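Novice:
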């Protein structure tokens, strides 16, 4: 494999349905932009996956792929459901530690202000925002320790706009998936990171 992506429904492609069934998502768009053949990339993303699910079920497969480029987007389901900060940090450390290594570029994404779009009581919205702030800090710190590229969506004005989000407020729409693919491609093309050569 030349590209492996793992994580939750953001990776799976929710919000960008394929007319033939399933989802299109940003991963195939990124693979195509990098010249990676359809048979040389793998999407392991699963709806409602938490960091623990990634550690238990997706990480072994991703490690076995030995892809030179790996994307990980996960954590939202931890934050909005059974949030345990210590477990969250430990799982991120396990995931990034297992995937990074010589010749491998790993990228991830922080969490934008999704609570702003959710139809929840204001008290719960505040609680979620506090959790996402804490989760973003943990993600950034852990990623930095392992040399993982972080796309800081919380600071990107594009992700504060309604036109990249589905009606549920949790998943990017088709335009959002296209924008994310372009954002990753631009980040990897930066002189500081480079882009692995496609087979």
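Numbering (this note's numbering), first residue to last: 439 to 637.
We treat Cβ as the ideally placed atom computed from N, Cα and C, and that holds for glycine.
Bear in mind the structure is a predicted one, so any value in this text is a computation, not a measurement.
Could you give the DSSP three-state label for residue 515: helix, strand or coil?
Specialist: Helix.
Novice: Could you compute how far the alpha carbon of residue 504 sits from the alpha carbon of residue 626?
Specialist: So the alpha carbons of these two residues sit roughly 18 Å apart.
Novice: Report buried or exposed for residue 519, applying the criterion of at least 16 other Cβ atoms within 10 angstroms of its Cβ.
Specialist: Per the 10 Å Cβ criterion, exposed.
Novice: In chain order, what residues of the same chain have a beta carbon less than 6 Å from the beta carbon of residue 456, not counting five sequence neighbours either side?
Specialist: Excluding sequence neighbours, residue 456 sits near 462.
Novice: Count the other CB atoms, across all protein chains shown, that sit within 10 Å of the CB of residue 473; report buried if there are 16 or more and exposed otherwise.
Specialist: So residue 473 counts as exposed.
Novice: Assuming the contact rule is C-beta atoms closer than 8 Å, residue 619 and residue 447 should be a hit. Round their C-beta distance to whole Å, please.
Specialist: The pair is not a contact, with the Cβ atoms about 16 Å apart (cut-off 8 Å).
Novice: What number of angstroms, rounded off, separates the C-alpha of residue 487 from the C-alpha of residue 585?
Specialist: For residue 487 and residue 585, the distance between alpha carbons rounds to 24 Å.
Novice: Output needed for residue 489: all residues of its chain with C-beta closer than 8 Å, excluding positions within five of it in sequence on either side, in chain order.
Specialist: Once the five neighbours on either side are set aside, the close Cβ partners of residue 489 are 512, 513, 516, 525, 526, 529, 530, 533.
Novice: Among the residues of its own chain, which have a CB less than 7 Å from the CB of residue 629, if the five just before and after it don't count?
Specialist: Annotation note: pLDDT 40 at residue 629 (below 50); position unreliable, no value reported.
Novice: If residue 566 and residue 553 are in contact, beta carbons under 8 Å, what's the gap, nearest whole angstrom?
Specialist: Yes, they are in contact, since the Cβ atoms of residue 566 and residue 553 sit about 4 Å apart, within 8 Å.
Novice: DSSP has residue 445 in a bridge; who is on the other side?
Specialist: BP columns for residue 445 point to 511.
Novice: Across which residues does DSSP place residue 547 in a beta bridge pair?
Specialist: Its beta-bridge partners are 589.
Novice: Just verifying my parser: in three-state terms, what is the DSSP assignment at residue 523?
Specialist: Of the three classes helix, strand and coil, the one that applies to residue 523 here is helix, per DSSP.
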